[in-house]
Amino acid sequence: AQTVTQSQPEMSVQEAETVTLSCTYDTSESDYYLFWYKQPPSRQMILVIRQEAYKQQNATENRFSVNFQKAAKSFSLKISDSQLGDAAMYFCALVEQGGSEKLVFGKGTKLTVNP
Amino acid sequence: KAGVTQTPRYLIKTRGQQVTLSCSPISGHRSVSWYQQTPGQGLQFLFEYFSETQRNKGNFPGRFSGRQFSNSRSEMNVSTLELGDSALYLCASSGSGRRTDTQYFGPGTRLTVL
Numbered sequence: 466a467q468t469v470t471q472s473q474p475e476m477s478v479q480e481a482e483t484v485t486l487s488c489t490y491d492t493s494e495s496d497y498y499l500f501w502y503k504q505p506p507s508r509q510m511i512l513v514i515r516q517e518a519y520k521q522q523n524a525t526e527n528r529f530s531v532n533f534q535k536a537a538k539s540f541s542l543k544i545s546d547s548q549l550g551d552a553a554m555y556f557c558a559l560v561e562q563g564g565s566e567k568l569v570f571g572k573g574t575k576l577t578v579n580p
Numbered sequence: 113k114a115g116v117t118q119t120p121r122y123l124i125k126t127r128g129q130q131v132t133l134s135c136s137p138i139s140g141h142r143s144v145s146w147y148q149q150t151p152g153q154g155l156q157f158l159f160e161y162f163s164e165t166q167r168n169k170g171n172f173p174g175r176f177s178g179r180q181f182s183n184s185r186s187e188m189n190v191s192t193l194e195l196g197d198s199a200l201y202l203c204a205s206s207g208s209g210r211r212t213d214t215q216y217f218g219p220g221t222r223l224t225v226l
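Residue numbers (our numbering), protein chains in the order written: chain Y, 466 to 580; chain C, 113 to 226.
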């Protein structure tokens with residue numbers, strides 16, 4: 466069964482600084498997709514970024530980028546120029562193309578942005 | 113397009129009662145998934161429906177059930193509520209039905225069981 470591990474329950478960053486959130490995963494499939502979701506205090510889960518495992522190029526979305534290391538099964542999220550609105554729970558998630566085909570989430574990292 | 117909507121947003125029930133939650137997916141989306149979110153267990157997959165058929169199911173007791181209508185709207189039902197069922201229930205929809213599609217989440221229904 467696939468698993469997703471976020472080893473940092475909480476992180477903090479100063480406004481305008483850069484922060485990296487860690488995620489490791491385990492899967493027996495070679496074809497899968499990885500996601501970072503953001504859940505602000507309002508509770509609406511929002512997609513931040515998506516990475517297809519077959520793509521070697523790291524996905525980027527404005528100030529958000531990932532460092533995808535397939536061999537190490539690592540998928541970290543970098544937030545540049547952090548803003549107060551980035552404060553939220555961040556969840557790493559995995560879905561396999563084959564296998565169980567369920568979206569499996571990590572426990573989340575609570576990000577605080579200090580002014 | 114309007115996003116995923118869930119009703120009601122908040123519910124308070126007592127043990128032993130049953131509850132029905134509703135989810136309307138993004139227009140054109142045919143897949144609806146349900147998740148339970150609790151502080152202890154995190155986000156756990158309940159089930160997924162596609163074209164009115166349950167396509168996948170998580171490890172939850174039979175008290176948790178769901179269905180999907182022809183317009184892709186989905187409901188989930190929890191019977192004989194227990195205190196441990198208190199949680200945020202999230203619904204997510206995706207477009208073409210491939211399981212690797214991005215899922216778009218609703219705001220959730222906060223269920224409190226007293």
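The beta-carbon is built from N, C-alpha and C at its ideal position, and this holds for glycine as well.
In this text, all values refer to a predicted model and were calculated from it rather than measured experimentally.
From what residue to what residue does the beta strand (DSSP E) around residue i run?
i	result
C:K125	122-125
Y:D491	489-491
Y:Y555	553-561
C:I138	Segment: none, C:I138 is in no beta strand (DSSP E) and carries neither H nor E.
Y:S507	Counting along the chain, Y:S507 falls outside any beta strand (DSSP E), and DSSP gives it neither H nor E.
Y:V484	484-486
Y:L542	539-544
Y:N532	529-534
Y:L576	574-579
C:L223	221-225
C:Q118	117-119
Y:T470	468-470
Y:E475	475-479
Alpha carbon to alpha carbon, what distance is there between residue j and residue i?
i	j	result
Y:G550	Y:S507	12 Å
Y:S545	Y:Q471	19 Å
C:Q153	C:L200	12 Å
Y:K567	Y:A481	36 Å
C:V159	C:R167	The identity of residue 159 of chain C in the sequence shown is Phe, whereas the question assumes Val. In a straight line, the C-alpha of C:F159 is about 8 Å away from that of C:R167.
C:E187	C:F181	8 Å
C:V225	Y:Q521	46 Å
C:R179	Y:V478	43 Å
Y:S493	Y:V469	13 Å
Y:S536	C:N189	Just to set this straight, residue 536 of chain Y is Ala in the shown sequence, not Ser. When rounded, the distance between both Cα atoms is 41 Å.
Y:L512	C:R175	30 Å
Y:F533	Y:I514	12 Å
Y:K543	Y:T485	4 Å
Y:A553	Y:T577	7 Å
C:T212	C:C203	16 Å
Y:A558	C:G140	24 Å
Y:A466	C:R121	33 Å
Y:A518	Y:R528	21 Å
C:T165	Y:V531	35 Å
C:N171	Y:F556	21 Å
If you measure from the beta carbon of residue i to each beta carbon in chain D, is any gap under 8 Å?
i	result
C:F217	Included in the structure are the protein chains Y and C, with no chain D among them.
For the ligand SAH, I want to know if residue i counts as a neighbour, meaning its beta carbon is within less than 7 Å of at least one of the ligand's heavy atoms.
i	result
C:Y201	With respect to the ligand SAH, the structure shown offers nothing to examine, as it has no ligands at all.
Worksheet item: Fully enclosed by the stretch 145-201 of chain C, which beta strand (DSSP E) runs are 3 residues long or longer?
Response: 154-162, 165-169, 176-180, 186-190
Practice prompt. Check whether the stretch 121-129 of chain C touches the stretch 178-195 of chain C, taking contact to mean three or more Cβ pairs, one atom from each stretch, closer than 8 Å.
Written response: yes
Fill in: Contact residues within the stretch 185-215 of chain C, judged by C-beta distance below 8 Å to chain Y
L200, L202, A204, R211, T212, T214, Q215
Worksheet entry | Touch test, the stretch 490-507 of chain Y against the stretch 133-140 of chain C, Cβ-Cβ under 8 Å, three pairs minimum | no
Fill in: Contact set between the stretch 157-171 of chain C and chain Y, restricted to residues whose Cβ is under 8 Å from the partner
For chain Y, the residues of the stretch 157-171 of chain C that bring a beta carbon within less than 8 Å of one of its beta carbons are F157, E160, N168, G170, in chain order.
Practice prompt. Taking only beta carbons into account, state which residues of the stretch 116-131 of chain C come closer than 7 Å to chain Y, listed in chain order.
Written response: none
Worksheet item: Name the residues in the stretch 506-523 of chain Y whose C-beta lies less than 7 Å from a C-beta of chain C; which are they?
Response: Near chain C, meaning a CB-to-CB distance below 7 Å, the residues of the stretch 506-523 of chain Y are R508, Q509, M510, L512, R515.
Item to complete: Note down, in chain order, all residues in the stretch 477-503 of chain Y with a beta-carbon under 8 Å from any beta-carbon belonging to chain C.
Response: Cβ contacts with chain C: Y497, Y498, F500, Y502.
Worksheet item: Relative to chain C, which residues along the stretch 547-571 of chain Y have a C-beta separation below 9 Å, given in chain order?
Response: F556, A558, V560, E561, Q562, S565, E566, K567, L568, V569, F570, G571
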